[in-house]
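These notes concern the structure reproduced below.
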Amino acid sequence: MARGRRPGNQDTREAVLAAAREVFADKGYDGASIRAIAAAAGVDPALIHHYFGTKEQLFVAALRSPVNPADVLPGVINGDPDRLGERLIRTLLQVWDSPAGGAAAAMVRSAVTNDTMARMLREFILKRLITRVLAEVVSDPAEAGVRGTLVATQIAGLIMIRYLIKVEPLASAPAEQVVALVGPTIQRYLTGALPTA
């Protein structure tokens, strides 16, 4: 496989993004390496660092996410653990109600029709967002898995109903009302007692 710079910076960048989508979808975030992505794109790993910086920044770019989790998670995580659900929903609404919301909607729509994007979005939501939030309040990995998927179902449902399908009255409800309605459910999924089998 040819190594080094491809002619034309935009072509090289797009080739790296395409290779990154495939490698991340196939191996997951933790299993993917810059070296493997570079090999798949036919470029030197240093070129990936030049264009994208870190592996996380490459992941966000490949997913076409309008927001990097590293930028918003401190605002969710820092504070009273009993208000974590509210902060998570408030942050979600701030992103979706901002100009970045259109790009976020495109990302979700792509995941519905494209298996590669679906695997990447699943990795993004569960590993890059929810797992980091859960790490603040849950120590048992088995319990974190159940809690994480429950949080994901609530978030996915909220996004679909409020932003994609736009079902009223939730679609136009004030953000703080949505936080008050949905935040406690998220909090219960994060820290409430789980039923035993």
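Sequential numbering from 1 applies to the sequence shown in full-length UniProt numbering.
Ideal placement from N, C-alpha and C gives every residue a C-beta, glycine not left out.
**Request:** Give, in chain order, every unbroken run of the beta strand (DSSP E) that is at least 3 residues long and sits entirely within the stretch 148-185.
**Result:** If you keep only unbroken beta strand (DSSP E) runs of at least 3 residues inside the stretch 148-185, you get nothing at all.
**Between the CA atoms of Ile77 and Ala62 - distance to the nearest angstrom** = About 25 angstroms.
**Straight-line Cα distance separating Gly192 from Ile186** = Spanning the two alpha carbons is a distance of roughly 9 angstroms.
**Among Ile161, Ile159 and Ile130, the one whose alpha carbon lies nearest that of Ala146** = Note that residue 146 corresponds to Val in the displayed sequence, not to Ala. Taking each of Ile161, Ile159 and Ile130 in turn and checking the Cα distance to Val146, the smallest one comes out for Ile130.
**Prompt:** In whole angstroms, what is the alpha-carbon distance linking Gly75 and Glu86?
**Reply:** Approximately 11 angstroms between the Cα atoms of the pair.
**Asked** Given a threshold of 16 other Cβ atoms within 10 Å of its Cβ, counted over all protein chains shown, does Pro195 qualify as buried or as exposed?
**Response** With fewer than 16 other beta carbons inside 10 angstroms of its own, Pro195 counts as exposed.
**Request:** Taking the CB atoms as reference points, tell me whether Arg162 and Ala171 lie closer together than 8 angstroms.
**Result:** Contact: yes.
**Request:** Determine the DSSP secondary structure at Glu136, reduced to helix, strand or coil.
**Result:** DSSP places Glu136 in coil when its eight states are reduced to three.
**Request:** Return yes when the Cβ of Arg128 is within less than 8 angstroms of the Cβ of Pro69, no when it is not.
**Result:** Contact annotation: Pro69 and Arg128 have beta-carbon atoms nearer than 8 angstroms.
**Prompt:** Could you give the residue range of the alpha helix (DSSP H) that holds Arg21?
**Reply:** Taken as a continuous stretch (DSSP letters only), the alpha helix (DSSP H) holding Arg21 covers Asn9 to Gly31.
**Request:** To the nearest angstrom, report how far apart Thr153 and Arg119 are at their CA atoms.
**Result:** Going by the C-alpha atoms only, they are around 16 angstroms apart.
**Request:** Using beta-carbon positions only, say whether Val182 and Leu158 come within less than 8 angstroms of one another.
**Result:** At a Cβ-Cβ threshold of 8 angstroms, Val182 and Leu158 count as neighbours.
**Prompt:** Does the beta-carbon of Thr12 have 16 or more other beta-carbons within 10 angstroms, so that it is buried, or is it exposed?
**Reply:** So Thr12 ends up on the buried side.
**Asked** Would you call Gly148 buried or exposed, if buried means 16 or more other Cβ atoms sit within 10 Å of its Cβ?
**Response** Gly148 comes out buried.
**Asked** Grouping DSSP H, G and I as helix and E and B as strand, with all else coil, what is Thr54?
**Response** Looking at Thr54 - three-state DSSP - the assignment turns out to be coil, as it is neither helix nor strand.
**Prompt:** Considering only C-alpha positions, which residue in the set Gln10, Val138, Ala20 and Thr54 is nearest to Pro81?
**Reply:** With distances taken between CA atoms, Pro81 lies nearest to Val138 out of Gln10, Val138, Ala20 and Thr54.
**Message:** Determine whether the beta carbon atoms of Ala36 and Asp44 lie at a separation below 8 angstroms.
**Reply:** For the pair Ala36 and Asp44, the CB atoms are not nearer than the 8 angstroms cut-off.
**Request:** Work out the CA separation of Met107 and Thr113 for me, nearest whole Å.
**Result:** The alpha-carbon atoms of Thr113 and Met107 are separated by roughly 10 angstroms.
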